[in-house]
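In the numbering used here, the protein residues as written are 1 to 195.
We treat Cβ as the ideally placed atom computed from N, Cα and C, and that holds for glycine.
Keep in mind it's a predicted model, so treat the numbers as computed, not measured.
Below: the structure, in structure tokens.
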Ligand SMILES: [Ca+2]
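Have a look at this one:
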């Protein structure tokens, strides 16, 4: 390979890196507010559970829920700390091999740029205002997803949908948020609502 060929490849790599970095900064996710805005919401989030024999991935969790699910007691919010072994996952009837379809709304009190992340054990995929704001497709102890920066155009309620699963041992699910530049912190239960 010639010296110039190496140089041009290096330059191409540098340009591609810089494009990626630029998109990372300017390409934050813009959330779509619920339209129409919901009224008369009840506190918490709705949840349906499936209890498969085995759930290792988001795909397996989705398939289990498609095959058959049952409504569980609503979640109080998204602040379910890591369980002790043997304690049921979220509001489900089992400690292990649980898939959950969580739905409702989350409220932003002011427009602006926010950082969102989740702690999850095991896997989850969260969609808020039409954008994937958190995803981990695997098994792990209670640990964080990659933080996402989101643009909130107006104050109000945004659709929230989370696909979650817990396989073995302990389980957890938390959402954290903060205005851009601050460290994401726990969400109050009052930030959530359901029909
Ligand atoms: Ca687990």
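Between the C-alpha atoms of residue 154 and residue 113 there is a straight-line separation of about 11 Å.
Excluding five sequence positions before and after residue 144, the CB atoms of its chain that fall closer than 6 Å to its own CB belong to 117, 119, given in chain order. Here residue 59 carries a helix assignment [DSSP, helix/strand/coil]. Per the DSSP secondary-structure output, residue 160 pairs in a beta bridge with 104, 128.
Between the region 157 to 172 and the region 97 to 113 there are three or more C-beta pairs closer than 8 Å, enough to call the two in contact. Straight through space, the alpha carbons of residue 80 and residue 60 are spaced by roughly 22 Å. In the three-state scheme derived from DSSP, where H, G and I count as helix and E and B as strand, residue 79 is classed as strand.
Relative to ligand 1, the nearest heavy atom lies less than 7 Å away from the CB of residue 166.
A Cβ-Cβ contact shorter than 8 Å links residue 83 with residue 171. Exposed is the label assigned to residue 109, since fewer than 16 other Cβ atoms lie within 10 Å of its Cβ. By the Cβ neighbour-count rule, residue 87 is exposed, with fewer than 16 other Cβ atoms within 10 Å of its own.
Between residue 40 and residue 189, the gap from beta carbon to beta carbon reaches 8 Å or more. For residue 121, the CB falls within less than 7 Å of some heavy atom of ligand 1. Sixteen is the threshold: since fewer than 16 other Cβ atoms of the shown chains lie within 10 Å of the Cβ of residue 94, the residue is exposed.
The closest CA to that of residue 158, considering only 75, 71, 195, 129, is found on 129. Each residue's CA atom was taken as its position, placing residue 69 and residue 124 some 17 Å apart.
Rounded to the nearest whole angstrom, the CA to CA distance from residue 183 to residue 177 is 8 Å. Look at residue 169: its beta carbon is less than 7 Å from one of the heavy atoms in ligand 1. The C-beta distance from residue 67 to residue 50 rounds to 7 Å, short enough to meet the 8 Å contact threshold. Where residue 35 is concerned, there is no enclosing beta strand (DSSP E), because DSSP gives it neither an H nor an E.
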